[in-house]
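Just add 88 to the spot in the sequence shown (first one is 1) and you have my numbering. Backbone N, C-alpha and C fix where the C-beta goes; we use that ideal spot for every residue, glycine too. No experiment lies behind these values; they were computed from the predicted model shown.
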Amino acid sequence: MYKSLFIQTSEQGFGSEQVNGEVWYWNRYKTQANENSIPEYLEDNADRLRLKYLSFIYDLSERSFNGKSIKEHLDLGEGFSFWWMTFLAEKSPFKSPRLYDCLRVLALEEIINKKKPIAVTLESSDKQLIDSIRKLCQNLRINFFRKKSKPKKFNVSLRTFYDILPSPIQGLISLRHLLKKWPLRNLKSPNWFSGDKSIFFCSYFFNLDNQSCEEGNFYSRQWEKLPNHLYEKGIKSNWIHHLLFSSVIPNAKKGMRWVGKFNENTNTGMHVFLEKYLSWKIVIEVLKNWFKLLFISWKLNDIPSAFFPNQSQVWLWPLLKSDWRTSINGSAAMNNLLWIELFDRALSELPHQKIGVYLWENQGWEMALLRAWRRYGHGRIIGVPHATVVYWHLNNFDDLRTLSSEVKFKKLLPDQLAVNGPQAFDAFRKIGYPEKYLSQVEALRFQYLDDLPVDQNENKIESSHAVSFPKVLILGDFTLSRTLKMLRCFADAIELNQDSISMTLKPHPVCEIISEDFPNLEFDIIKEPLPEIIHRFDFAFVSNTSSAGLDALLGGLTVAIYVDGADFNHSPLRGVKGVDFVRNSSDLLNSMKTWSKSKKSVSKEDFFWFDQDLSRWDRLLIKAD
89 MYKSLFIQTS
99 EQGFGSEQVN
109 GEVWYWNRYK
119 TQANENSIPE
129 YLEDNADRLR
139 LKYLSFIYDL
149 SERSFNGKSI
159 KEHLDLGEGF
169 SFWWMTFLAE
179 KSPFKSPRLY
189 DCLRVLALEE
199 IINKKKPIAV
209 TLESSDKQLI
219 DSIRKLCQNL
229 RINFFRKKSK
239 PKKFNVSLRT
249 FYDILPSPIQ
259 GLISLRHLLK
269 KWPLRNLKSP
279 NWFSGDKSIF
289 FCSYFFNLDN
299 QSCEEGNFYS
309 RQWEKLPNHL
319 YEKGIKSNWI
329 HHLLFSSVIP
339 NAKKGMRWVG
349 KFNENTNTGM
359 HVFLEKYLSW
369 KIVIEVLKNW
379 FKLLFISWKL
389 NDIPSAFFPN
399 QSQVWLWPLL
409 KSDWRTSING
419 SAAMNNLLWI
429 ELFDRALSEL
439 PHQKIGVYLW
449 ENQGWEMALL
459 RAWRRYGHGR
469 IIGVPHATVV
479 YWHLNNFDDL
489 RTLSSEVKFK
499 KLLPDQLAVN
509 GPQAFDAFRK
519 IGYPEKYLSQ
529 VEALRFQYLD
539 DLPVDQNENK
549 IESSHAVSFP
559 KVLILGDFTL
569 SRTLKMLRCF
579 ADAIELNQDS
589 ISMTLKPHPV
599 CEIISEDFPN
609 LEFDIIKEPL
619 PEIIHRFDFA
629 FVSNTSSAGL
639 DALLGGLTVA
649 IYVDGADFNH
659 SPLRGVKGVD
669 FVRNSSDLLN
679 SMKTWSKSKK
689 SVSKEDFFWF
699 DQDLSRWDRL
709 LIKAD
């Protein structure tokens, strides 16, 4: 029996205090052999803890209140439960910011049960985390102590005031976003294609080729050449888009102009924005259903008691209550109710479609699409996870009981998932997804890798003997904070090294970086597409949230992934041999010093299926019947 466990959440930690027990780091991995890390324990026991959380979410949906399960309470008619549109059911680490904490608390429970301490001391000022761990200690009948850590800097802004508002007020305020998309109602109604020679697509109006679109030719980097390939086969396409504002499409006016051009050129299909179907009638219907949810949330006021995983003393309510509230009567609820009404209206006007295809990420809007698709009697519908299937993106996975057709108020699922390679296929198969629902297709976004010279890797390895250090490409994160951490890590590595190192930064499209802001670090900034520049470099230092590391690896570069333990390892290269996961400047420097020796023969066919003729897509969409 240990005297005490000390959980350190900040760099400040326990300072000069006498620590009589084991210190476990909450936000970082071990840097020395004698240290203890909860993120490291989570990674070492990932399969078991991930399944435990997936099981908890399913069990939560089945918990009974007043004789009905939560799913039944959230019945919106026709056997469809709003539960499946909540953040809790979605399980996205990007929409549920406390998901990582939930998994770490589950890991902490196992550590406590193994170590059997008489007390736990938590160094933190995070109220939700404190409440959850305090309750865990109470349930395990061990002493709990808290040491205050330095609170985060408090910045006053409009967002600060918004965040402290009750979730129903936030829900009503969220309707203001309709103002930016209200002009889309004026978009001309499309002349939809019908019959067996048409296919329906639902996707994002994002990541488009600017030059092609300005010329009136729709080209999406998410779907690459598939639409044109289908057109050459005599298949017309109908498109409903989600408009995402960006620097390329800053307003509704430009989006409408592009769609107008596309629809003049029927070679690229017929296109419309979902918000074309906005109306005051729909807004009123959304508000009516929102008030129903408000009443249901009042009836479920005892729901905090359900937030205990099976055979566990962990109470997850403090960490997940925000997800529940925003999903049931806040901004997420309002948004999801809007999806339901918009898809219902749009698909009621769409002529019968034999096949539908949509970008699959297990998000709430997809439930609204599937509900309307089947309500109006359309044909087969196929979900397409177009990029990579990441281990810790829990929105990709469900407890196997979710897939049962016998379950009341079951989750709506596509008829098939179109998976783009062995990596994705194995990820779904390992979690127990039935193979009969998995269809093999070419990886559209990665087909360019098939055009890379076969000897590119060999040329790079031979040239590496002439230089001591590689040409480094840093592929930044979508958040400024993690990109800055990476730049600091690289700067520290340079200080440890005597030789100069050439470095170029390719920032994430949504994260602007100015080199002049870093006077002590010499680097160029490059913004061209990765396929066009990858041959110029030898070594890639990549954020763990980016799938670009996979492009770099399969493009012949040595790859080092930055991980810090403050978040999930989001890298699609998690578990891949020959990839370095660096935690500090020493790790990075060592990786760069051994870059030519660490090169492994990695086959792109281990990750994706390739065929420039898209024969697998043809079998799925054209020849299936």
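(1) Provide the residue(s) that pair with Glu211 in DSSP beta bridges, ordered along the chain.
(2) Who are the near neighbours of Phe611 in its chain, counting only those whose CB is closer than 7 Å to its CB and skipping five residues on each side?
(3) May I ask you to report which of helix, strand or coil DSSP gives Ala714?
(4) Leaving aside the five residues before and after Tyr525 along the sequence, list all residues of the same chain whose C-beta is less than 7 Å from its C-beta, in chain order.
(5) Identify the residues that DSSP records as bridge partners of Ala628: which are they?
(6) Could you check how far apart the C-beta atoms of Cys577 and Ser673 are, in whole angstroms? I think they sit under 8 Å.
(7) Contact between the region 288-295 and the region 329-336 is defined here as three or more beta-carbon pairs at a separation below 8 Å; is this criterion met?
(8) Taking only the alpha-carbon atoms, compute the straight-line gap between Leu137 and Asp655 and give it to the nearest angstrom.
(9) With 16 other CB atoms within 10 Å as the buried threshold, where does His317 fall?
(10) Does the distance from the CB of Arg186 to the CB of Leu210 come in under 8 Å?
(11) Please give me, in chain order, every unbroken run of the beta strand (DSSP E) with length at least 3 that falls completely inside the region 463-541.
(12) From this set, Lys321, Met422, Gly101, Leu246, which residue's C-alpha is nearest Arg707's C-alpha?
(13) If you draw a straight line from the alpha carbon of Ile710 to that of Glu437, how long is it in whole angstroms?
(14) Quick check on the DSSP output: the alpha helix (DSSP H) that includes Asn417 runs from which residue to which?
(15) Report the rounded CA-to-CA distance for Lys183 versus Asp411, giving the unit in angstroms.
(16) Is the CB-CB distance between Ser92 and Asn108 below 8 Å?
(17) Which value, in whole angstroms, describes the spacing of the CA atoms of Lys57 and Ile562?
(18) So, for Ser282: in the same chain, excluding its five sequence neighbours on each side, which residues have a beta-carbon less than 7 Å away from its beta-carbon?
(19) For Ile428, which residues from the same chain have a beta carbon less than 6 Å from its beta carbon, with the 5 sequence-adjacent residues on both sides left out?
(20) For Gln399, count neighbouring Cβ atoms within 10 angstroms of its own Cβ and tell me buried if that reaches 16, exposed if not.
(21) Verify whether the separation of the beta carbon atoms of Asn632 and Ile649 is less than 8 Å.
(22) Please determine, among Asn274, Tyr319, Glu302, Gln299, the residue with the shortest C-alpha to C-alpha distance to Ile287.
(23) Would you mind reading off the limits of the alpha helix (DSSP H) that contains Ser691?
(24) Give me the Cα-Cα distance between Ala554 and Lys313, rounded to the nearest whole angstrom.
(25) Got a sec, what are the start and stop residues for the beta strand (DSSP E) Glu110 sits in?
(26) Assuming Ala581 contacts Asn608 (C-beta within less than 8 Å), just tell me the rounded distance between them.
(27) Does the Cβ of Lys387 have 16 or more other Cβ atoms within 10 Å, making it buried, or fewer, making it exposed?
(28) Going straight from the alpha carbon of Leu584 to that of Ser679, what length do you get?
(29) Beta-carbon separation of Thr97 and Arg671 under 8 Å?
(30) If you draw a straight line from the alpha carbon of Lys376 to that of His265, how long is it in whole angstroms?
(31) What three-state label does DSSP hand Ser720 in the structure shown?
(32) On a CA-only basis, which of Gly520, Tyr129, Asn389, Ala628 is nearest Leu139? Give me that one, please.
(33) With a Cβ-Cβ cutoff of 8 Å, do Ile145 and Lys179 count as a contact?
(34) So, for Phe175: in the same chain, excluding its five sequence neighbours on each side, which residues have a beta-carbon less than 7 Å away from its beta-carbon?
(35) May I ask which residues mark the beginning and end of the beta strand (DSSP E) holding Ile230?
(36) Indicate whether Phe170 and Leu458 have their beta-carbon atoms separated by less than 8 Å.
On the basis of the supplied data:
(1) Gln96, Lys235
(2) Met591, Thr592, Leu593, Ser603
(3) A query on residue 714 cannot be resolved here, the shown segment of the chain reaching from 89 to 713 and no further.
(4) Gln504, Leu505
(5) Leu561, Val647
(6) 5 Å
(7) yes
(8) 16 Å
(9) buried
(10) no
(11) 468-472, 504-507, 526-528
(12) Lys321
(13) 24 Å
(14) 405-417
(15) 8 Å
(16) yes
(17) Missing from the structure shown is residue 57; the chain here goes from 89 to 713 and no further.
(18) Pro439, His440
(19) Ala456
(20) exposed
(21) yes
(22) Tyr319
(23) Careful: Ser691 lies outside any alpha helix (DSSP H) and carries neither H nor E.
(24) At Ala554 the pLDDT is 47, less than 50, meaning the model places this residue with poor confidence; the figure from the coordinates comes in the next sentence. Using only the alpha carbons, I get a separation of about 40 Å.
(25) 110-113
(26) Not confirmed; about 13 Å, so no contact.
(27) exposed
(28) 13 Å
(29) no
(30) 19 Å
(31) Absent from the structure is residue 720, since the part of the chain shown begins at 89 and ends at 713.
(32) Gly520
(33) yes
(34) Lys183, Ser184, Asp411, Thr414, Ser415, Ala420
(35) Premise fails: Ile230 is in no beta strand (DSSP E) and is neither H nor E.
(36) no
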